[in-house]
Amino acid sequence: MIQKTAVSHLSLGRLKNAALLGIAITGLGLTSSVQAQDVEVPGNIKWTIPFGVGGGTDVWARFFSPWLSKSLPGEPTIMIDNVPGGGSINGANLFAVRAKSDGSDWLGTSASTQYPAMLNDPRVRYDYSDWTPILATPTGGVVYAQPSLGETADKALDALLQQPVKLAAQNPTGLELPVLIALDMLGADVQAVFGMRSRGEGRLAFERGEADIDFQTTSAYLSNVEPLVDAGKAVPLFSLGALNDEGKIVRDPAFPELPTFNEVYQARHGEAPSGNAYEAFRKFFASGYSLQKLIMVPKDTPQALIDTYRQTARDFVGTEAFKEAAAAQLGPYTPVIGDAAQRHLDDAMSIDDATRDWLADWLESEHGAKI
Amino acid sequence: MLDIFLSSLGQLFTFSHLLFMVLGVLVGLVVGIIPGLGGIAGMSLLLPFLYGMEPTVALGMLMGLVAVIPTGDTFASVLLGIPGSSASQATVIDGFSLAKRGQAARALSSAFLSSMIGGLIGAIVLTGFILIARPLVLSFSSSELFMLTLLGLSMVAVLSGRDLFKGLAACGLGLLVGAIGMAPATGEFRMNFGLGYLYDGLPLVVVGLGIFALPEIVDLLVKRGAIAEEPCKLGEGWRQGIRDVREQRGLVARCAAIGSLIGTIPGLAGSVVDWLTYGHAVQSAKDKSQFGKGDIRGVIAPESANNACACGAMVPTLLFGVPGSGTAAVFLGGLLLLGLQPGVGMIETHLDLTYTIIWSLALANILGAALCLVLARPVASLTRVPFATLAPLITVLIMFAAFQATRSTGDLLALGAVGILGVLFKQANWSRPAFLIGFVLAPGAEGYFYQAVQFQGTDAFMRPGVLIIGALILAAMFIPMITAAWRKRREAVSVGAAATQKAEPPTLGVIDVVLFAALLGTAVVAWVDVADLTLIGGIMPRLAIVILALSCLAEIIRCVIRRPRWEHQAIGLQGLWLVGFFALIGAMLLLGFITAATLFCLVFLLAIARLKPWVAAVMALGVTVFLVGMAEFLTLTYPSGLIDPWLFG
Numbered sequence: 001m002i003q004k005t006a007v008s009h010l011s012l013g014r015l016k017n018a019a020l021l022g023i024a025i026t027g028l029g030l031t032s033s034v035q036a037q038d039v040e041v042p043g044n045i046k047w048t049i050p051f052g053v054g055g056g057t058d059v060w061a062r063f064f065s066p067w068l069s070k071s072l073p074g075e076p077t078i079m080i081d082n083v084p085g086g087g088s089i090n091g092a093n094l095f096a097v098r099a100k101s102d103g104s105d106w107l108g109t110s111a112s113t114q115y116p117a118m119l120n121d122p123r124v125r126y127d128y129s130d131w132t133p134i135l136a137t138p139t140g141g142v143v144y145a146q147p148s149l150g151e152t153a154d155k156a157l158d159a160l161l162q163q164p165v166k167l168a169a170q171n172p173t174g175l176e177l178p179v180l181i182a183l184d185m186l187g188a189d190v191q192a193v194f195g196m197r198s199r200g201e202g203r204l205a206f207e208r209g210e211a212d213i214d215f216q217t218t219s220a221y222l223s224n225v226e227p228l229v230d231a232g233k234a235v236p237l238f239s240l241g242a243l244n245d246e247g248k249i250v251r252d253p254a255f256p257e258l259p260t261f262n263e264v265y266q267a268r269h270g271e272a273p274s275g276n277a278y279e280a281f282r283k284f285f286a287s288g289y290s291l292q293k294l295i296m297v298p299k300d301t302p303q304a305l306i307d308t309y310r311q312t313a314r315d316f317v318g319t320e321a322f323k324e325a326a327a328a329q330l331g332p333y334t335p336v337i338g339d340a341a342q343r344h345l346d347d348a349m350s351i352d353d354a355t356r357d358w359l360a361d362w363l364e365s366e367h368g369a370k371i
Numbered sequence: 001m002l003d004i005f006l007s008s009l010g011q012l013f014t015f016s017h018l019l020f021m022v023l024g025v026l027v028g029l030v031v032g033i034i035p036g037l038g039g040i041a042g043m044s045l046l047l048p049f050l051y052g053m054e055p056t057v058a059l060g061m062l063m064g065l066v067a068v069i070p071t072g073d074t075f076a077s078v079l080l081g082i083p084g085s086s087a088s089q090a091t092v093i094d095g096f097s098l099a100k101r102g103q104a105a106r107a108l109s110s111a112f113l114s115s116m117i118g119g120l121i122g123a124i125v126l127t128g129f130i131l132i133a134r135p136l137v138l139s140f141s142s143s144e145l146f147m148l149t150l151l152g153l154s155m156v157a158v159l160s161g162r163d164l165f166k167g168l169a170a171c172g173l174g175l176l177v178g179a180i181g182m183a184p185a186t187g188e189f190r191m192n193f194g195l196g197y198l199y200d201g202l203p204l205v206v207v208g209l210g211i212f213a214l215p216e217i218v219d220l221l222v223k224r225g226a227i228a229e230e231p232c233k234l235g236e237g238w239r240q241g242i243r244d245v246r247e248q249r250g251l252v253a254r255c256a257a258i259g260s261l262i263g264t265i266p267g268l269a270g271s272v273v274d275w276l277t278y279g280h281a282v283q284s285a286k287d288k289s290q291f292g293k294g295d296i297r298g299v300i301a302p303e304s305a306n307n308a309c310a311c312g313a314m315v316p317t318l319l320f321g322v323p324g325s326g327t328a329a330v331f332l333g334g335l336l337l338l339g340l341q342p343g344v345g346m347i348e349t350h351l352d353l354t355y356t357i358i359w360s361l362a363l364a365n366i367l368g369a370a371l372c373l374v375l376a377r378p379v380a381s382l383t384r385v386p387f388a389t390l391a392p393l394i395t396v397l398i399m400f401a402a403f404q405a406t407r408s409t410g411d412l413l414a415l416g417a418v419g420i421l422g423v424l425f426k427q428a429n430w431s432r433p434a435f436l437i438g439f440v441l442a443p444g445a446e447g448y449f450y451q452a453v454q455f456q457g458t459d460a461f462m463r464p465g466v467l468i469i470g471a472l473i474l475a476a477m478f479i480p481m482i483t484a485a486w487r488k489r490r491e492a493v494s495v496g497a498a499a500t501q502k503a504e505p506p507t508l509g510v511i512d513v514v515l516f517a518a519l520l521g522t523a524v525v526a527w528v529d530v531a532d533l534t535l536i537g538g539i540m541p542r543l544a545i546v547i548l549a550l551s552c553l554a555e556i557i558r559c560v561i562r563r564p565r566w567e568h569q570a571i572g573l574q575g576l577w578l579v580g581f582f583a584l585i586g587a588m589l590l591l592g593f594i595t596a597a598t599l600f601c602l603v604f605l606l607a608i609a610r611l612k613p614w615v616a617a618v619m620a621l622g623v624t625v626f627l628v629g630m631a632e633f634l635t636l637t638y639p640s641g642l643i644d645p646w647l648f649g
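Order-wise, the sequence lines are chains A and B.
Residue numbers for the first sequence follow UniProt numbering, beginning at 1 and rising by one.
Residue numbers for the second sequence follow UniProt numbering, beginning at 1 and rising by one.
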């Protein structure tokens with residue numbers, strides 16, 4: 001009974017607030033310039049996250065959703081819908097079938113959604129060309145080695161090229177794929193031990209001394225590997241770099257002092273990396289790292305609405321408050337928004353047959369995996 | 001150091017911290033009591049409020065939730081025979097048997113008290129241990145982890161008692177079913193028979209519900225009557241339970257210690273701990289005859305371990321960012337959302353927060369267990385209600401729980417399929433725990449074996465840790481045998497030669513024959529299916545098939561050599577109820593989950609339980625409200641069918 005009255009009070013209060021807000025908005029509407037949209041932002045937005053609660057992409061979405069919700073016109077309610085399974089393939093498949101294109105359905109994807117699509121996995125029934133990106137967040141990564149290989153990066157790299165080394169990885173087509181390709185291009189004989197359930201388990205294997213080299217993405221590297229480096233228990237070798245606006249790989253802003261893979265290759269081989277292997281590296285690096293996590297909407301969503309979403313994202317991403325909050329969650333990277341994201345995505349997802357054939361051969365001969 | 005202790009204690013007892021912790025405890029209890037929800041669902045309820053909260057306060061809330069889930073789910077395991085989560089599977093065996101003997105209140109009160117003590121011991125151990133845990137955690141390499149999964153598997157031998165071969169066959173089948181899905185070493189897909197649902201393997205919740213809960217429901221429906229077959233003594237039982245814990249304090253302490261230490265090992269945690277401690281309780285008991293039929297030690301052991309394990313699981317989560325369990329994984333997400341990066345920093349710079357976390361766990365444990373203790377007596381009276389009244393509600397509940405696993409129709413069908421196996425196993429007295437142990441440990445055993453060999457080569461099995469655990473395994477398998485033989489000989493000497501020839505002949509029934517045929521058939525089909533896998537991708541399923549087939553054959557040979565006693569094994573009525581269950585699934589797919597569930601409850605309560613129409617209507621309506629409410633809270637989409645979209649949007 002008590003609760004009931006409380007609720008009715010609440011709704012009365014809400015009504016009053018709404019009325020006040022309405023008056024305020026009409027007042028504002030008269031003064032402010034016409035950013036008037038023909039299409040209205042839906043009141044409820046369902047954001048499908050094809051991963052479990054508490055996973056990386058889920059946390060990422062939960063970080064973004066209050067920012068988006070607060071900044072979008074009409075302050076829509078953003079509801080996160082976790083649909084885990086098949087390493088994100090299930091959720092993305094469902095989204096491809098069910099999503100409405102009135103702007104009320106969003107999808108959050110990650111490297112493990114992009115990679116199977118690029119590899120033509122038979123389970124994939126979604127197509128990235130059916131979707132349009134709103135925003136993408138990049139990350140980077142660092143390859144590091146046991147000090148027993150060499151005290152400095154150069155010595156460790158020398159040793160790496162002379163003896164087989166072990167690396168703990170999740171599966172042959174997981175997030176480590178570009179790293180494996182990069183190490184192979186350098187000429188290292190990497191014996192990948194698959195079956196880790198996360199990158200964290202891979203790091204544990206390194207800390208236990210089972211793996212000779214390891215690789216972590218930026219946030220995990222900063223919190224868990226940097227202390228090892230300071231204690232002399234790990235030697236950073238190179239970063240994967242970062243993609244600039246022109247699509248070129250440059251130094252990672254999180255690790256400005258570390259050379260990129262490209263630089264290391266150049267130094268060792270006397271020429272810039274090229275060929276099918278580099279093509280595969282570049283594409284998988286772009287889709288798995290520089291566009292690691294994406295907010296997507298169906299392509300037929302009204303363009304005005306897409307523009308509103310993108311503009312909103314641009315607006316709040318520029319604020320100091322966001323930058324401060326994002327430093328802990330996203331690292332020192334700026335989200336890529338709108339056409340730039342679309343351009344990079346189109347480039348990354350289009351793999352020519354020669355590259356894919358090379359990759360299939362390479363995976364089978366080097367890691368015994370069929371795709 | 002002392003100032004950090006004091007500042008954490010200060011944090012712990014601030015009003016806002018306590019308030020949110022109580023909130024977490026309450027959410028945790030509700031979520032824990034509803035089977036199938038567990039830690040992950042609870043965390044997802046709280047996560048939306050987390051971003052932007054003060055870290056200490058938010059952590060209090062999360063810890064409140066984490067601490068009480070292994071406590072709350074005991075209600076379902078003991079009263080209804082439903083394993084609420086992976087942490088309470090071993091509790092089901094003796095807890096539910098006690099409930100059937102009218103001792104639900106006793107089982108509950110001792111479970112909660114040992115949970116509380118276990119959680120406290122866990123927190124105390126953790127307070128000192130977390131400072132020195134890093135080297136110890138790192139000393140467990142993949143080969144030691146593999147040996148630990150073997151230790152878990154060796155419990156099959158302990159649990160199956162006289163029917164060793166049947167137990168091994170059940171375990172082999174469990175290993176085989178656990179190998180469905182992606183091979184960890186090569187990424188190949190195995191035994192999915194073209195079904196999309198099987199790509200990820202069968203979910204643990206579905207298997208647990210199918211193998212334990214569904215057969216019990218069917219059995220109780222066939223028998224009629226209430227869950228408690230003997231008269232209940234609630235008040236007396238409640239006090240008895242408290243006394244039991246006092247008498248078994250050594251067991252409580254040992255199991256809590258095992259729980260908190262195993263919990264700290266990343267990657268194993270919850271899945272082995274309850275079986276290890278259950279096995280330990282069986283081994284250390286002088287009189288083993290009551291285990292499986294309602295021995296209070298079978299409840300006390302896993303319950304004192306699982307809360308301690310939840311404490312221990314914080315070590316890898318906080319120090320390495322590698323979660324030890326499903327709940328810990330979500331907790332890790334919560335930490336990240338609060339802007340806290342797990343790692344060495346949790347000890348070096350955030351030690352006060354770390355202690356706030358540990359002690360919140362202890363405090364929430366006390367609070368949660370105390371609440372449960374109060375609730376235990378009234379809730380235990382559920383076991384006196386005629387089962388026909390409860391059956392439709394429980395059935396809908398386990399279907400709801402199973403559907404939580406992956407939220408696809410496949411969950412319901414898999415529940416039915418595993419349920420058939422469970423009914424056959426139960427009727428023919430094959431070890432269901434053995435099957436579940438095999439299933440739970442299959443991925444770990446395979447993954448760690450492969451990693452150990454890859455990383456360390458043959459050296460893997462010469463490490464001191466490996467040898468110690470190996471010795472433990474041998475001790476676990478052979479010491480009981482030796483002591484039993486020793487005792488038998490002494491008895492033989494004292495009683496005379498007449499007693500020596502008492503070994504009973506094996507029993508055989510119609511279900512045994514069906515199972516032999518079905519299991520050997522499964523072995524052949526699976527063998528064909530894995531034929532074109534690579535060597536390392538296929539070694540585990542092949543090994544499982546070999547264990548399965550050889551144990552079946554050994555049992556058949558045993559029956560041929562020593563003339564078995566023919567045993568009547570009823571299956572007719574059970575089969576009928578199973579058909580009904582599948583009809584219900586069909587109706588859910590056709591009409592919609594909510595509509596079919598409501599109608600099913602109404603019809604069942606009217607026609608079979610013969611309740612008054614208005615009572616039946618109110619209960620059926622309650623089911624609708626529950627399902628709709630849960631859909632709202634958890635953003636669930638049930639199988640919609642033809643009618644649901646009309647009625648429920």
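We treat Cβ as the ideally placed atom computed from N, Cα and C, and that holds for glycine.
> Which ranges does the alpha helix (DSSP H) cover as unbroken runs of at least 4 residues, wholly within the stretch 169-253 of chain A, from first to last along the chain?
Replying inline: 177-186, 199-207, 226-230
> With C-beta atoms as the reference, is B:Phe20 less than 7 Å away from B:Met63?
Replying inline: no
> Which one of B:Gly263, B:Leu173, B:Leu9 has the shortest CA to CA distance from B:Phe129?
Replying inline: B:Gly263
> If we ignore side chains and look at the alpha-carbon of each, how far apart do A:Ser129 and A:Phe95 end up?
Replying inline: 14 Å
> Expressed to the nearest angstrom, what Euclidean distance is found between the alpha-carbon atoms of A:Gln329 and B:Gly580?
Replying inline: 51 Å
>> Check for me: the alpha helix (DSSP H) holding B:Thr635 runs from which residue to which?
In response: Careful: B:Thr635 lies outside any alpha helix (DSSP H) and carries neither H nor E.
> Taking just the CA atoms, how far does B:Phe633 sit from A:Pro50?
Replying inline: 18 Å
>> I need the straight-line Cα distance from B:Gly178 to B:Leu543, nearest angstrom please.
In response: 12 Å
> Got a sec: which bits of the stretch 53-67 of chain A sit with their beta carbon under 7 Å from any beta carbon on chain B, in order along the chain?
Replying inline: Val53, Gly54, Gly55, Asp58, Val59, Arg62, Phe63, Pro66
> If you follow the alpha helix (DSSP H) that B:Leu535 is part of, which residue opens it and which one closes it?
Replying inline: 535-561
> Out of B:Val57, B:Arg463, B:Leu50, B:Ala388, which has the shortest C-alpha to C-alpha gap to A:Pro66?
Replying inline: B:Leu50
>> Quick check: the Cα distance between B:Phe189 and B:Ser304, rounded to an integer number of angstroms?
In response: 38 Å
>> Considering Cα atoms alone, identify which of B:Val315, B:Gly629, B:Glu229, B:Arg377 is closest to B:Trp238.
In response: B:Arg377
> From what residue to what residue does the beta strand (DSSP E) around A:Val297 run?
Replying inline: 293-298
>> On the CB-based measure, 16 or more other CB atoms within 10 Å of its CB, does residue 735 of chain B come out buried or exposed?
In response: Chain B is shown from 1 up to 649; residue 735 of chain B falls before or after that span and cannot be answered.
>> By the three-class DSSP mapping on this structure, what secondary structure does A:Ala369 have?
In response: coil
> Tell me the DSSP bridge mates of B:Arg190?
Replying inline: B:Gly181
> By Cβ distance, which residues of its chain are closer than 8 Å to B:Ile479, with the 5 residues on each side in sequence left out?
Replying inline: Gln283
> For B:Ala185 and chain A, any beta-carbon pair shorter than 7 Å?
Replying inline: yes
>> Could you give the first and the last residue of the continuous alpha helix (DSSP H) run that contains B:Met63?
In response: 55-72
> Does DSSP put A:Pro133 in a helix, a strand or coil?
Replying inline: strand
>> Please state the DSSP three-state secondary structure of B:Ile347.
In response: helix
>> Taking the beta carbon of B:Leu642 as the centre, do at least 16 other beta carbons fall within 10 Å, making it buried, or is it exposed?
In response: exposed
> Which chain A residues sit within Cβ distance under 7 Å of B:Phe403?
Replying inline: None at all; the shortest Cβ gap to chain A is about 13 Å.
>> For a quick check, are the C-beta atoms of B:Leu548 and B:Ala183 less than 7 Å apart?
In response: no
> Whole-angstrom Cβ separation of B:Ala256 and B:Gly152, contact assumed at under 8 Å?
Replying inline: Contact doesn't hold; Cβ gap of about 18 Å is too wide.
> Taking the continuous alpha helix (DSSP H) assigned at residue 653 of chain B, which residues delimit it?
Replying inline: An answer regarding residue 653 of chain B cannot be provided, because it is not within the stretch 1 to 649 covered by chain B.
> With 16 other CB atoms within 10 Å as the buried threshold, where does B:Gly102 fall?
Replying inline: buried
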